[in-house]
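The structure appears below as structure tokens.
Number of protein chains: 2
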Amino acid sequence: MPDAADADGLTVGQVSTHLSVTVRALHHWDEIGLARPSLRTTAGYRLYTAADLERLHRIVVYRELGLGLDRIRAVLDDPAADVPGALRAQRAQVAERIDRLRQLSAGLDRMIDAHERGLLLTVEQQAAIFGPGWNPDWPAQARQRYGDTAQWSQYAERSATRGPQEWQAISDAVASLDRALADAMDAGVAPGSPEANHLVERHRDVFASSYFPLSRQMQVCLGRRYEADPAFAAHYDGIRPGLARWLRRVIDASARAHGIDPDTATWA
Amino acid sequence: MPDAADADGLTVGQVSTHLSVTVRALHHWDEIGLARPSLRTTAGYRLYTAADLERLHRIVVYRELGLGLDRIRAVLDDPAADVPGALRAQRAQVAERIDRLRQLSAGLDRMIDAHERGLLLTVEQQAAIFGPGWNPDWPAQARQRYGDTAQWSQYAERSATRGPQEWQAISDAVASLDRALADAMDAGVAPGSPEANHLVERHRDVFASSYFPLSRQMQVCLGRRYEADPAFAAHYDGIRPGLARWLRRVIDASARAHGIDPDTATWA
DNA sequence: CTTGACCCTCACGTCGCGTGAGGCTGGAGG
DNA sequence: CCTCCAGCCTCACGCGACGTGAGGGTCAAG
């Protein structure tokens, strides 16, 4: 009889294995007076009687249903307690929590998608919004290159909240800016002139509100890439031949006016 | 310009309304170093710059996704952090929690049902298990009378875990006991005899393992009700005429042998 | 007599703040 | 000038249900 009880009660360890609760939990329930053992040995060992076990078992049952210890205490100590009512209230709470978690899961799905694809639009929607010059592979390529930067994370966080309407607004803003840049170049606006600098600020604003905050230094790097990267250059030169180069020079001049040497500017 | 920022930063209250977070949360994030304001006034007022607001906004976004502050810190501070991985892990956790909550909700449903109906069986199942003498209105009547007692709660808790098989076992045990009682009466077993007392103990065991723990005092009350209540009496007298009365006398005699006066015994 | 498993009582840590207490600060009005 | 009041500050405890040691007795077996 290694574990067969001294007839007058079980110790915490024995109860613990019987009911699959931790010893600490039994201690806790004793501390708060939820379930005290009827007996103690002279050495202070807790001894739980059969009646104690009844109560403990009931506690375990209601605890598994997610009720708080206070509510359990009420249910056990007041025989006239409205048990079904308490259970229904609990069920309602659980339903609410499930709902919240589902919404949360949906949000996580969106965010994961945004991080991985960069754009929560179908290819058709992309074509309709960004026009014929758009290549649906671009977001994937961008993620390939910049996916492990903080900027990509920030961009993804914003993308997760953007639908077709928001992207249409961005597309419109970019197109409008491109036209203004082309018009300015046509009109002979010189790098460093107030008009040119104003356009550079506008570019920074549009970019920042579309993608992620852009420092002047970063803008310089971006201007260089506009000219050097074939895809970007094709975009701008497709609007007006020489526009990529002109834009780079305009950005450089503006940076210089703000005390930045464009030749040593760094992205970070 | 009542709230238009002193150009160099926003105070906690302003940020709080902008981002819909509590002032205390901002304090907390400052305390743990998750988001400290870049500036302080000479009086110690926190001033959050535009860059600070960026960070705060990202924190809010990830917090709404249910990430812990430590994980958010990792995501924000390490640009190479595996954000989609962290999000997917979070999604898995959320899925698990939803699952657990659903099981919990199902358990609550069962328990509510058990409390209200007393028996989680269809009428057909009840007829098949308890035989032709069974009246499907009995559980509802029992609940009507005893629904606000602790015993009913204990009985309901057990019922919630019982299916047709368990009820069949109980029905068999009760039928077997009834047969044994009838045989004993037929054989002329006298109240107070060892055989009779043994049967009383067996009745107490069967009842306790079927419904709820039964003290000897409660058993006496039950014996009286067996004789006085027409439904119970009809059950026992249907097995053998006079069995209800005989059983009551047998229980009384056993109680007396245990030092209980059956005429003053109380239920509680 | 020792070993090792079991028990005891403190008492702090968890997680993300809520909620005061007690006391400055800063701008508006008298 | 003073006062008022909203808003800010720093502690510091509280929550819920225990987990996790620390430090030390107890008990049956070898």
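Line order of the protein sequences matches chains A and B.
Numbering of the first sequence is given in the working numbering, commencing with residue 258 and proceeding in unit increments.
Numbering of the second sequence is given in the working numbering, commencing with residue 258 and proceeding in unit increments.
From the three backbone atoms N, C-alpha and C, an ideal C-beta is built for every residue, glycine too.
Does residue i come out as helix, strand or coil in the three-state DSSP assignment?
{"i": "TYR468/A", "result": "coil"}
{"i": "TYR493/A", "result": "helix"}
{"i": "ARG481/B", "result": "helix"}
{"i": "LEU456/B", "result": "helix"}
{"i": "ASP260/A", "result": "Here ASP260/A scores only 41 on pLDDT, less than 50, and its place in the model should not be relied on; the value that follows carries that caveat. Three-state result, ASP260/A: coil."}
{"i": "LEU276/A", "result": "helix"}
{"i": "LEU333/A", "result": "helix"}
{"i": "TYR319/A", "result": "helix"}
{"i": "LEU377/A", "result": "coil"}
{"i": "ARG328/B", "result": "helix"}
{"i": "ARG293/A", "result": "coil"}
{"i": "ILE508/B", "result": "helix"}
{"i": "THR523/B", "result": "coil"}
Over the uninterrupted alpha helix (DSSP H) stretch that includes residue i, give me the two end residues.
{"i": "ASP265/A", "result": "Element bounds for ASP265/A: n/a, residue is neither H nor E."}
{"i": "HIS515/B", "result": "Note, HIS515/B: premise wrong, no alpha helix (DSSP H); not H, not E."}
{"i": "SER362/B", "result": "340 to 374"}
{"i": "TRP409/B", "result": "407 to 416"}
{"i": "ALA399/A", "result": "395 to 403"}
{"i": "SER428/A", "result": "421 to 443"}
{"i": "ALA385/B", "result": "380 to 387"}
Starting from the C-beta of residue i, find all residues in its chain whose C-beta is less than 7 Å away, skip the five residues before and the five after it, and write them out in chain order.
{"i": "PHE387/A", "result": "SER428"}
{"i": "TYR493/A", "result": "TYR483, LEU500, ALA501 and LEU504"}
{"i": "TRP424/B", "result": "LEU378 and ILE386"}
{"i": "VAL507/A", "result": "PRO448, ALA453, LEU456 and VAL457"}
{"i": "ILE517/B", "result": "ARG473, GLN474 and VAL477"}
{"i": "HIS515/A", "result": "ARG473"}
{"i": "VAL317/B", "result": "LEU276 and VAL278"}
{"i": "TYR319/B", "result": "ILE329 and VAL332"}
{"i": "GLY323/B", "result": "GLN347 and VAL351"}
{"i": "GLY290/B", "result": "none"}
{"i": "ALA522/B", "result": "GLN474, VAL477, CYS478 and ALA512"}
To which residues of the same chain is residue i closer than 8 Å at the C-beta, ignoring the five residues directly before and after it?
{"i": "SER295/B", "result": "GLY266, LEU304, TYR305, THR306, ALA308 and ASP309"}
{"i": "ASP509/B", "result": "PRO448, VAL477, GLY480 and PRO519"}
{"i": "ALA384/A", "result": "TRP391 and PRO393"}
{"i": "ARG312/B", "result": "ALA292 and LEU333"}
{"i": "PHE489/B", "result": "ARG482, TYR483 and ALA501"}
{"i": "GLY495/B", "result": "GLY390"}
{"i": "ARG374/B", "result": "PRO396, ALA397 and ARG400"}
Could you check which residue in the options has the C-alpha nearest to that of residue i?
{"i": "ALA363/B", "options": "ARG367/A, SER362/A and ILE355/A", "result": "ILE355/A"}
{"i": "TRP503/A", "options": "THR406/A, ALA413/A and GLU484/A", "result": "GLU484/A"}
{"i": "THR298/A", "options": "PRO451/A, ALA444/A, ARG402/A and VAL269/A", "result": "VAL269/A"}
{"i": "ASP405/A", "options": "ARG506/B, PRO341/B, SER467/B and VAL457/B", "result": "PRO341/B"}
{"i": "ASP370/A", "options": "ALA465/A, ARG461/A, ALA397/A and ARG359/A", "result": "ALA397/A"}
{"i": "SER433/B", "options": "VAL463/B, ARG345/B and ARG359/B", "result": "VAL463/B"}
{"i": "GLU321/B", "options": "ALA300/B, GLY301/B, LEU361/B and LEU344/B", "result": "LEU344/B"}
{"i": "LEU361/B", "options": "ALA349/A, ARG367/A and ARG359/A", "result": "ALA349/A"}
{"i": "ALA337/B", "options": "GLY290/A, VAL280/A, TRP409/A and VAL272/A", "result": "TRP409/A"}
{"i": "TYR302/A", "options": "LEU283/A, ARG459/A, ARG312/A and ARG415/A", "result": "LEU283/A"}
{"i": "TRP524/A", "options": "ALA426/A, ALA407/A and MET442/A", "result": "ALA407/A"}
Looking only at its own chain, which residues have a Cβ that is under 6 Å from the Cβ of residue i, when we skip the five neighbours before and after it?
{"i": "PRO421/B", "result": "GLN382"}
{"i": "SER277/A", "result": "none"}
{"i": "HIS455/A", "result": "none"}
{"i": "SER511/A", "result": "ASN454 and VAL457"}
{"i": "ARG436/A", "result": "none"}
{"i": "HIS372/B", "result": "ALA413"}
{"i": "ALA262/A", "result": "In this prediction, ALA262/A scores a pLDDT of 44, lower than 50, which makes its location untrustworthy; no coordinate-derived value is stated."}
{"i": "LEU326/B", "result": "LEU291"}
State the CB to CB distance for the pair residue i and residue j, rounded to an integer number of angstroms; the pair is presumed to be in contact (CB under 8 Å).
{"i": "ALA439/B", "j": "ARG400/B", "result": "29 Å between Cβ atoms; not a contact."}
{"i": "LEU365/A", "j": "VAL431/B", "result": "That pair is no contact at about 53 Å."}
{"i": "TYR468/A", "j": "TYR412/A", "result": "5 Å"}
{"i": "LEU471/B", "j": "ARG461/B", "result": "5 Å"}
{"i": "ARG367/B", "j": "ALA417/B", "result": "5 Å"}
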